[in-house]
Structure formats: structure tokens, C-alpha cells
Amino acid sequence: MLAWYFDKHRSELRVVDFLIAGVLLLVPFMLIIRQPDLGTALLVLSTGFFIIYFAGLSFKLIVPVFVLGVVTISLILYYEPVLCGPDFDWVVLHEYQKHRVCTLLDPGSDPLGKGFHTIQGMIAIGSGGLYGKGYMLGTQTHLDFIPERTTDFIFAVFAEEFGLYGGVTLLLLYTLLLLRGFLITIRARTQFGRLLAGAMTMMLFMYVFVNMGMVMGILPVVGVPLPFMSYGGTALVTLGFACGLLMSISNYVPSRKSARAEE
0 MLAWYFDKHR
10 SELRVVDFLI
20 AGVLLLVPFM
30 LIIRQPDLGT
40 ALLVLSTGFF
50 IIYFAGLSFK
60 LIVPVFVLGV
70 VTISLILYYE
80 PVLCGPDFDW
90 VVLHEYQKHR
100 VCTLLDPGSD
110 PLGKGFHTIQ
120 GMIAIGSGGL
130 YGKGYMLGTQ
140 THLDFIPERT
150 TDFIFAVFAE
160 EFGLYGGVTL
170 LLLYTLLLLR
180 GFLITIRART
190 QFGRLLAGAM
200 TMMLFMYVFV
210 NMGMVMGILP
220 VVGVPLPFMS
230 YGGTALVTLG
240 FACGLLMSIS
250 NYVPSRKSAR
260 AEE
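Position one of the sequence shown corresponds to residue 0 (numbering that gives the first Met the number 0), numbered consecutively onward.
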């Protein structure tokens with residue numbers, strides 16, 4: 000929808016157009032937050048933001064937001080003992096979401112409870128070493144220490160069985176997929192195609208970044224699958240559609256009438 004909106008108004012983009020786009024993005028974001036599903040909501044928000052940025056949002060407007068984010072994170076780290084206290088209410092987040100953030104800051108505070116996922120994921124990755132323990136030979140995996148081993152924490156299983164070299168190889172394959180997506184974005188023949196291809200590519204990046212980040216303990220644990228690795232039908236179909244859209248944009252040749260309209 001955002002790609003269509005900016006394509007329709009590409010000849011005269013104004014500040015109000017970016018504000019309208021922000022409202023269009025906030026509607027699904029707030030609805031998903033209400034479910035509640037913070038992880039998916041943030042993925043939708045970030046993908047929509049990338050479209051707004053690609054459409055021409057000034058970088059000068061992003062810098063203050065980035066600085067505010069850095070300051071906020073620094074304050075959370077500094078006041079972590081107070082913020083993570085049992086009686087402190089975060090208001091904007093549910094109690095389980097508060098525990099996820101606090102567990103990220105200090106997984107050892109509840110190693111058999113809230114921090115169990117993160118700690119066991121990191122142990123599995125570290126125990127794989129350089130070469131891994133071999134296919135189907137991961138002890139952390141098959142002794143049921145890793146929760147959600149076929150979905151959210153599939154990367155911990157892969158890293159334990161195939162080691163550092165396997166993990167780097169997987170990252171390289173994802174990098175090639177993303178580079179191909181960016182190449183399609185650059186070569187797209189229409190504004191709509193460029194925005195849509197850029198959004199699909201960045202969506203794939205966010206899935207990979209968030210999933211691997213939470214498994215390695217640098218991001219809070221959220222229910223985000225690893226593209227084309229995690230078990231599940233919905234994510235596989237959705238990501239398959241995204242790749243199909245990218246291939247369609249790559250092969251699309253506008254008619255002469257459409258080309259003149261684009262110019």
C-alpha cells in the first residue's frame with residue numbers, strides 16, 4: 000500500500016504525504032500490538048519505515064530519532080536495576096515483554112526461567128566450535144535443552160551441529176540473497192517496483208537479523224522465524240511470495256504507455 004501511495008504521488012511529494020504514510024503504517028502496527036505481538040509489529044513497522052525512507056524521507060529527520068534511541072538504550076542500561084524491579088510498571092509494555100527486555104540485559108538473573116532460552120541458545124552455539132558436532136549429533140539439541148528448536152531457535156541447532164564454518168556459510172547465503180534483492184531494487188523499471196523490491200529485501204534482512212540476534216543474546220527473544228530454515232507453513236509461504244514478487248519485479252518490462260507515464 001505504501002509503495003502504491005508513493006508511486007501515485009511521486010511527482011509532488013510533500014511533508015503531508017509522509018505524514019499520511021506514517022498513519023497508514025501505524026494502523027496495522029497498533030492492531031498487531033493489541034493482539035499482543037510485539038515482534039511482528041516491529042517487523043511491520045520497520046519494513047514500512049524502509050519504504051518511507053526509500054521514497055525520499057530526508058536523512059536529517061532520521062538522525063534525531065537515532066540519537067533519541069541511543070540515549071534511551073543508554074538510560075535503560077544505566078537504570079536497569081530499578082527498571083527491572085518487580086514493582087516497577089513499564090505501562091507501555093506487557094509484563095512478559097518487560098521480562099524479555101530485562102532477561103536480555105541480565106540472562107543470569109533467572110537462568111532456569113525467563114533467561115533459559117537465551118542461555119541455552121548461546122551454550123549451543125558456543126559448543127559447536129569451529130566444525131560443529133555433526134549432523135543430528137548436537138547434545139544441547141537432542142537432550143531437549145534448546146526450546147523451540149525447530150522454529151525460533153533453529154539457528155542454535157544449526158550452529159551446534161555445523162559450527163562456525165556452517166554459520167558463516169549460512170550468513171554468506173543470506174548475504175547473496177539480500178544482494179540479489181538490492182540489485183533488483185536498483186534495476187527496477189518503475190518507482191512502485193523499486194519501493195516494493197526494497198521493502199521485500201529489507202524484510203528478509205530484518206527476519207534474519209532479529210532471529211539470529213535473539214538466539215545469540217543481543218536482542219530480546221521474540222517469535223520471529225529464520226527465513227527458509229524454521230519449520231512452519233505460514234512464514235514459508237509468506238517469504239516465498241516475497242521472493243516471487245522480487246522475481247516478478249526483475250522481469251517486468253513496462254509498456255510504452257506506462258513508461259511515458261513514469262517519465
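For every residue, glycine included, the Cβ atom is placed at its ideal position computed from N, Cα and C.
Given the structure is predicted, the values throughout are model-derived calculations rather than measurements.
The alpha-carbon of glutamine 119 is positioned some 9 Å away from that of threonine 140.
Rounded to the nearest whole angstrom, the C-alpha separation of leucine 225 and aspartate 86 is 35 Å. Collapsing the DSSP output to three states places methionine 246 in a helix. In the same chain as serine 45, and ignoring 5 residues on each side of it, the C-beta atoms closer than 6 Å to its own belong to Met205, in chain order. Excluding its 5 nearest sequence neighbours in each direction, leucine 169 has C-beta neighbours in its own chain below 7 Å: Phe157, listed in chain order.
Around the beta carbon of glycine 131, a 10 Å sphere encloses 16 or more other beta carbons of the protein chains shown; the residue is thus reported as buried. The beta carbons of glycine 197 and phenylalanine 53 sit closer together than 9 Å. The three-state reading of DSSP puts proline 63 in helix, counting H, G and I together. In the three-state reduction of the DSSP assignment, aspartate 6 falls in the helix class, which pools H, G and I. For the pair valine 223 and glycine 212, the Cα-to-Cα distance works out to about 11 Å.
The beta carbon of arginine 186 sits closer than 8 Å to those of Ser249, all from its chain and outside the five residues before and after it, given in chain order. Counting C-beta atoms within 10 angstroms of its own C-beta, aspartate 143 has fewer than 16 neighbours from the protein chains shown and is therefore classed as exposed. With a threshold of 16 other beta carbon atoms within 10 Å, threonine 184 meets it and is buried. Taking a C-beta distance under 9 Å as the contact criterion, isoleucine 51 and leucine 74 do not qualify as a contact pair. For tyrosine 173, the enclosing alpha helix (DSSP H) covers residues 153–186. Spatial neighbours of leucine 163 in its own chain (CB-CB distance under 6 Å, excluding positions within 5 residues in sequence) are listed in chain order as Leu129.
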